[in-house]
Amino acid sequence: MAVKVIIPTPLRAYAGKQESVELQANTVAEALNGLTLRFADLKKHLYSDDGKLRSFVNVYVNDEDIRYLQKDQTQLRDGDIVSIVPSIAGGVRNEPGEFCNGH
Amino acid sequence: MATKSEISANPAPASAPVSLSKEEILRYSRHLIMPEVGMEGQLKLKQAKVLCIGTGGLGAPLGLYLAAAGVGRIGLVDFDTVDSTNLQRQILFGSKDVGRPKIAAASDRLRDLNPDIQIDTFETQLSSENALDILKDYNIIVDGTDNFPTRYLVNDASVLLGKPNVYGSIFRFEGQVTVFGYPDGPCYRCLYPEPPPPGLVPSCAEGGVLGVLPGIVGSIQAAETLKLIIGAGEPLVGRLLLFDALAMRFRELKLRKNPDCPLCGTKPTLTKLIDYAEFCGIRGEEAPAPQTSVPEITPRELKGRLDRGDDLYILDVREPHEYQICNLGGHLIPLGDLSKRVNELDSSREIVAHCRSGKRSAEAVEFLQRAGFRKILNLKGGILAWSDDVDPSVPKY
């Protein structure tokens, strides 16, 4: 199935600065796998060491959260849009001595 | 000004039947002539009590619109002072406010905008100790903070007290808005059970925000707050609104209440506030990532050695757009490209790596040491310290 994966701003740095990627996949797992094969740096941002999707990264097929579908086994259809939506806190401040990582 | 954690001395309105004065009728006439607000809605606004947590980028348009709309009592929580980097987006403040506590500058501005309303000020950092006490007197909580620990704290306190929490969050060109804590609606933990660990969120090279972005997101929060008060329209409950200013596109995702949510699910396990710094993996208030002991050189030492004519190779590991702001004439290889471009460096020469504050360049030094470089130093404090200690003509950012 030809689907589009939308990359959120905070993760674009690890995905060749692209806003979205089109690829072939039958399930969400295949789509994300295809994405991390293309952009290896994305993997640690999407998955924890035990291979689970991180709890601050949500994935939607069209407007539905995959946690309420069949998780990463959710089937995809041609033209589906897969959105990766990580939590963002604000991320404005980057003063010296403060966290450079999110505060 | 109110002292720490103390409500300012404005008299609380007596519980007499609420009505509008002639002046108020004129001031709010553009609300009153709309049936969706009308006299009934305007009186609801006058009796409403809204707590704005944060008076920064999101809190600025929010506070202004709530005050302008005639929300009768507005609480402000912030502990910061205004600095000049705030003025790019925090439209509550002017140049004359630089150095003042944000709470003082914000309440002055809002009182000037609308002298008929009550402004409560809390010049304090919201914490597990004071949150329930501060939130309890308000009907609606609006989250305009900028960090994960406070977001989880605001969420948990709102849910425990049964108050709606109008949430807005921004990053660079993107925003997220929704209303949490509505009866039978989801909460922040339903959306994101856990925060990212500190190491995995964007670094300083990727910070920043388009100045108008918090203006748009904060204004949407204000609209949702006013709608909740007057009971008009369809609240942004169970829907996560995503905004991308670059694409100029709004998208909406379904946001469900998680039956297994530890806070608002069917069998809650979280029944009181917790240690949010610990929950977010942050030890201690300032807790920088454990600094490894890379060899360092101070800006003054570097200046002295350059003046002596020592052969030093300056390596700048910032991003190209940062190089354009200011530079020390170094060779630019962004940290993220270093592994691919390491062959551009001559390991026989002595290298001084620098970035803005010294953090990214410390990573670069570590990396290069592992790659076999022996004569490599990190400029302590980066270009900021260089500006402070050697050359004040180098702008700070």
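Taken in order, these protein sequences are the chains called A and B.
The first sequence finishes on residue 1471 if you use my numbering, and the numbering steps up by one all the way, no holes.
The second sequence finishes on residue 377 if you use my numbering, and the numbering steps up by one all the way, no holes.
Glycine included, C-beta positions come from ideal geometry on N, C-alpha and C.
Answer yes or no: do B:G36 and B:D126 have a C-beta to C-beta separation smaller than 8 angstroms?
Yes. Within cutoff.
Please classify A:N1394: is it buried, with 16 or more other beta-carbons within 10 angstroms of its beta-carbon, or exposed?
By the neighbour-count rule (16 or more Cβ atoms within 10 Å), A:N1394 is not buried but exposed.
Check whether chain A comes within 8 angstroms of B:E154, counting only Cβ atoms and requiring the distance to be less than that.
By this cut-off, B:E154 is an interface position.
Within this structure, are the beta carbons of B:A111 and B:L93 separated by less than 8 angstroms?
No, these two residues do not count as a Cβ contact at 8 angstroms.
Nearest chain B C-beta to A:G1402 closer than 8 angstroms, yes or no?
Judged by the 8 angstroms Cβ criterion, A:G1402 is not in contact with chain B.
For A:L1421, does the three-state DSSP call read helix, strand or coil?
Three-state result, A:L1421: strand.
Do A:D1433 and B:K234 count as a contact pair if the criterion is CB distance below 8 angstroms?
Closer than 8 angstroms, so yes.
Around the Cβ of B:K378, are there at least 16 other Cβ atoms within 10 angstroms (buried) or fewer (exposed)?
Look at the range of chain B in this structure, -19 to 377, and you will see that residue 378 of chain B is not part of it.
Can you tell me whether DSSP reads B:V359 as helix, strand or coil?
The displayed chain sequence assigns Leu, not Val, to residue 359 of chain B. Note: B:L359 maps to strand in three-state DSSP.
Mind reading off the beta-carbon distance from B:T158 to B:L220? Whole number of angstroms is fine, and I expect it under 8 angstroms.
Right, the Cβ-Cβ distance comes to about 5 angstroms (below 8 angstroms), so this counts as a contact.
At what residues does the beta strand (DSSP E) containing B:K234 begin and finish?
Looking at the DSSP string, the run of the beta strand (DSSP E) that includes B:K234 is 229 to 234.
Whole angstroms are fine: how far does the CA of B:Y293 sit from the CA of A:V1429?
Cα-Cα distance, rounded: 50 angstroms.
Span of the alpha helix (DSSP H) holding B:T35?
Segment: none, B:T35 is in no alpha helix (DSSP H) and carries neither H nor E.
How should B:K320 be labelled, buried or exposed, when 16 other C-beta atoms within 10 angstroms of its C-beta is the threshold for buried?
The residue is exposed, with fewer than 16 neighbouring Cβ atoms inside 10 Å.
Determine whether the beta carbon atoms of B:L31 and B:V122 lie at a separation below 8 angstroms.
Yes, Cβ-Cβ distance for B:L31 and B:V122 is below 8 angstroms.
Taking the continuous alpha helix (DSSP H) assigned at B:E258, which residues delimit it?
It spans 256 to 259 - the alpha helix (DSSP H) in which B:E258 sits, taken as one unbroken run.
Measure how close the beta-carbons of B:G198 and B:G124 come, nearest whole angstrom, since I'm counting them as under 8 angstroms.
Yes, they are in contact, since the Cβ atoms of B:G198 and B:G124 sit about 6 angstroms apart, within 8 angstroms.
Could you check whether B:P173 and B:C260 sit closer than 8 angstroms to each other, using their CB atoms as the reference points?
Their beta carbons are not under 8 angstroms apart, which means B:C260 does not touch B:P173 by this criterion.
With DSSP as the reference, identify every bridge partner of B:R219, one or two as the case may be.
According to DSSP, B:R219 bridges with B:K234.
Provide the residue(s) that pair with B:T158 in DSSP beta bridges, ordered along the chain.
Note: B:T158 sits in a beta bridge opposite B:Y147.
Between B:V332 and B:L359, how many whole angstroms is the CB-CB distance? I'm expecting something under 8 angstroms.
With a Cβ gap of about 6 angstroms, B:V332 and B:L359 count as contacting.
Closest Cβ-Cβ distance between A:D1433 and chain B: below 8 angstroms?
Yes, A:D1433 lies at the interface with chain B (some Cβ there is under 8 angstroms from its Cβ).
Might you give, ordered along the chain, the residues of its own chain that have their beta carbon closer than 8 angstroms to the beta carbon of A:E1387, omitting 5 neighbours on each side?
Contacts found: I1374, I1375, R1380.
Between A:Y1428 and chain B, is any beta-carbon pair separated by less than 8 angstroms?
It does; some Cβ of chain B falls within 8 angstroms.
I need the DSSP call for B:K2, collapsed to helix, strand or coil.
It is helical.
Run down chain B in chain order and give the residues with a C-beta less than 7 angstroms from the C-beta of A:T1377.
Those within 7 angstroms of A:T1377 in chain B are F151, R152, F153, E154.
Run through chain B and tell me which residues come within less than 8 angstroms of A:Y1415, C-beta to C-beta.
Result: empty, since nearest Cβ-Cβ is about 11 angstroms, beyond 8 angstroms.
Rank A:R1406, A:F1424, A:L1405 by C-alpha distance to the C-alpha of A:V1453 and give the top, closest one.
Minimum Cα distance to A:V1453 is reached at A:F1424.
Would you list the residues sitting across from B:A333 in a DSSP beta bridge?
Paired residues: B:L295, B:N358.
Nearest CA to the CA of B:R329: which residue from B:K355, B:D317, B:S341, B:S337?
Looking at the Cα atoms, B:K355 is the closest of the given residues.
DSSP three-state label for B:K116, please.
Three-state result, B:K116: coil.
Please confirm if B:P176 has its CB atom under 8 angstroms from at least one CB of chain A.
By this cut-off, B:P176 is an interface position.
Are A:T1404 and A:L1391 close, meaning C-beta to C-beta below 8 angstroms?
No, the Cβ-Cβ distance between A:T1404 and A:L1391 is not below 8 angstroms.
Measuring alpha carbon to alpha carbon, tell me which residue in B:S149, B:L42, B:T61 is nearest B:E204.
Looking at the Cα atoms, B:L42 is the closest of the given residues.
Using the beta-carbon count (16 or more within 10 Å), is B:I5 buried or exposed?
Classification for B:I5: exposed.
Check whether the Cβ atoms of B:F153 and B:L226 sit closer than 8 angstroms, and answer yes or no.
Taking 8 angstroms as the Cβ cut-off, B:F153 and B:L226 qualify as a contacting pair.
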